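*Asks:* One structure follows; several queries about it will come next.
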Amino acid sequence: MGQQLKILGRTSSINVRKVLWTCQELEIAFEREDWGIGFASTQDPAFLALNPNAQVPVIIDENGVLWESNTICRYLVGKHGRSDLLPVEPAARARVEQWMDWQATELNPSWGDAFYGLVRKHPDFQDPKLIAAGVKGWNEKMGLLEQQLNRTGAYVAGTEFSLADVLIGLSVHRWRQTPMERPDYPAVAAYCKRLEQRPGFIEYASNAYS
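Just so we're aligned, residue 1 is where the sequence shown starts under UniProt numbering, counting upward by one.
This is how it looks when you write it as structure tokens:
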């Protein structure tokens, strides 16, 4: 029997919640330690020895240390043989992974000024013009998701739930929770209703989190 999975990171981090929801889908046990804002500093030498980027989450198991949330999720799904969440066949896998990467490289960066200004109230993100531009950019990215969901009629990468929906489901929840003007996206609203049937969404995309 391998070492029990250890997750380092605070639950207020959306990237940590990606891993936690993935673990819930996999029905695997883990222990978690709070690290990051409001808890143990990720600048601590002990943490930097695990992740020199000083970012959560980090996981530790019998295979060693791993960081970068999307990579961690891929690893855990592969380790536990869940090809329903991340297919083995290259084309099907790529369709899931392109949306996972889109979440990290396109959607995630779009919300910075709006989220940190309107939710976190960070003093460095209080320029009204930048916040307005952030809201506009964020809504535009969500419009692309609306188009994709209209094409699939169900989930991000197709008709079945996949790992991409864990990442993007949390992002959609953050978008809906941020106090700002949002377009009416019926397909996104219906998508959330489908996600609300999953225990992982209920636990890690609740009103307690933004």
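Here a beta-carbon is modelled for each residue, glycine too, at the ideal position from N, C-alpha and C. Please read all numbers here as calculations on a predicted model, not as lab measurements.
Unbroken beta strand (DSSP E) runs of length 3 or more, entirely within the UniProt domain "GST N-terminal" (3 to 84): which are they?
*Replies:* 5 to 8, 30 to 33, 58 to 61 and 64 to 67
*Asks:* Relative to the C-alpha of Thr-71, which residue among Lys-141, Met-100 and His-173 is closest?
*Replies:* Met-100
*Asks:* Going residue by residue through the stretch 123 to 183, where are the continuous beta strand (DSSP E) segments of at least 3 residues, counting only ones entirely within it?
*Replies:* Under the rule that a run must span 3 or more residues, no beta strand (DSSP E) segment is found entirely inside the stretch 123 to 183.
*Asks:* Grab me the residues of Tyr-116's own chain with a C-beta within less than 6 Å of its C-beta, minus the 5 sequence neighbours each way, in chain order.
*Replies:* His-122 and Phe-125
*Asks:* Who are the near neighbours of Ala-46 in its chain, counting only those whose CB is closer than 7 Å to its CB and skipping five residues on each side?
*Replies:* none
*Asks:* Between which two residues does the alpha helix (DSSP H) holding Leu-195 run?
*Replies:* 186 to 195
*Asks:* Where does Trp-111 fall in DSSP's three states?
*Replies:* coil
*Asks:* Relative to the C-alpha of Arg-10, which candidate in Gly-36, Gly-2, Val-166 and Tyr-75 has its C-alpha closest?
*Replies:* Gly-36
*Asks:* Buried or exposed: Glu-31, going by 16 or more other Cβ atoms within 10 Å of its Cβ?
*Replies:* exposed
*Asks:* Determine the burial state of residue 257: buried for a count of at least 16 other Cβ atoms within 10 Å of its Cβ, exposed for fewer.
*Replies:* Residue 257 lies beyond the range of the chain shown here (1 to 210); nothing can be said about it.
*Asks:* Report yes or no: do the stretch 151 to 158 and the stretch 199 to 209 share at least 3 C-beta pairs separated by less than 8 Å?
*Replies:* no
*Asks:* What residue range does the alpha helix (DSSP H) around Glu-203 cover?
*Replies:* 199 to 204
*Asks:* Contact defined as beta carbons within less than 8 Å: I believe Tyr-209 pairs with Ser-69. What is the distance between those atoms, to the nearest angstrom?
*Replies:* Actually they do not touch by this definition, with Cβ atoms about 15 Å apart.
*Asks:* Quick check: the Cα distance between Leu-50 and Val-65, rounded to an integer number of angstroms?
*Replies:* 7 Å
*Asks:* Counting C-beta neighbours from all protein chains within 10 Å, is the total for Thr-105 16 or more, i.e. buried, or is it exposed?
*Replies:* exposed
*Asks:* What do you reckon, are the CB atoms on Gly-143 and Ala-114 nearer than 8 Å?
*Replies:* no
*Asks:* Go through its chain and collect everything with a Cβ distance to Lys-6's Cβ below 6 Å, but skip five positions before and after it.
*Replies:* Glu-31 and Ile-60
*Asks:* Are Asn-139 and Pro-109 close, meaning C-beta to C-beta below 8 Å?
*Replies:* no
*Asks:* Here's a check: name, in chain order, each residue in its chain whose Cβ is nearer than 6 Å to the Cβ of Pro-87, leaving out the five neighbours to either side.
*Replies:* Arg-93
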